[in-house]
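Participant: Residue numbers (this note's numbering): 850 to 1030.
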Amino acid sequence: MTKQQSLSCITAAVAALVFGTGAFAADKTAYDQAKASAKSTYEAAHKQCESMSGNAKDICVAEAKAARVKTEAMAEADYKGTAKATYKAKEDIAEAEYKLAKERCDDKAGNEKDVCVKEAKAAETKAKADAKAERDTKKANAEATDDKKTAAYKAEAEKCDSLAGDAKTACVNSAKAKYNM
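#1: Taking only three categories from DSSP, how would you classify E944?
#2: Considering only C-alpha positions, which residue in the set K998, G930, K929 and Y947 is nearest to K975?
#3: Out of curiosity, what's the CA-to-CA distance linking K914 and A926?
#4: Can you check whether the CB of A980 is closer than 9 Å to the CB of A943?
#5: Run the CB neighbour count on V910, radius 10 Å, all protein chains shown included, and call it buried at 16 or more, exposed below.
#6: Mind checking A993: buried by the 16 CB within 10 Å criterion, or exposed?
#7: For D1010, I'd like the list of residues in its chain whose CB is within less than 7 Å of its CB, leaving aside the five on either flank, ordered along the chain.
#8: Run through DSSP, which three-state label would N1022 get?
#9: Given that a residue counts as buried once 16 or more other Cβ atoms are within 10 Å of its Cβ, and exposed if not, what is K939?
#10: In this structure, how does DSSP classify T994 when only helix, strand and coil are distinguished?
#11: Go ahead and pull the three-state DSSP assignment for E899.
#12: I think E952 touches N990, with their Cβ atoms under 8 Å apart; what is that distance to the nearest whole Å?
#13: Determine, using beta carbons only, whether E921 and K884 come nearer to each other than 9 Å.
#14: Return helix, strand or coil for C909, following the three-state DSSP convention.
#15: In whole angstroms, give me the CA-to-CA distance for D956 and V966.
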């Protein structure tokens, strides 16, 4: 197994440990452990890179950095649990992947290198656009759900207008409770 492959295996193992738990969200201790794990994994991977030279070393370091960014960004997104944090994590990961892809392109020359860099940039742009679309879709879905709930509540409350007194009050309160209004 090459050093590159062992680095990839280490990264996969850390990711499985960090993201394999369902109770991870909003747990400060788990978040801190994930960050510490990312740091120690990065340092170990970076040490493996020291024996290399040239672009192979640059790629190795970029892989280690990308793995650290992925682990830390997703841990933070899980900890914060917001769409904004998830978007930022995906954006950070896209940037780290772009830097890694650019390092891999350095082994190439001429038009092949130019194409490689353009493809790396296109992949980054796509990943960022996908993250933005996901964020915006979640926001739109939440707004649509609220609109539907409000409309259903109004229809239910309208039915209560045919009643009077305590019956009407009970009907309206029931509708409010049903739709969390």
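C-beta atoms are modelled at their ideal positions from N, C-alpha and C, and glycine is treated no differently. Note that the structure is a prediction, hence the values are computed from the model and not measured.
Facilitator: On the basis of the coordinates in this document:
#1: helix
#2: Y947
#3: 18 Å
#4: yes
#5: buried
#6: exposed
#7: None.
#8: helix
#9: buried
#10: helix
#11: coil
#12: That pair is no contact at about 38 Å.
#13: yes
#14: helix
#15: Approximately 11 Å between the Cα atoms of the pair.
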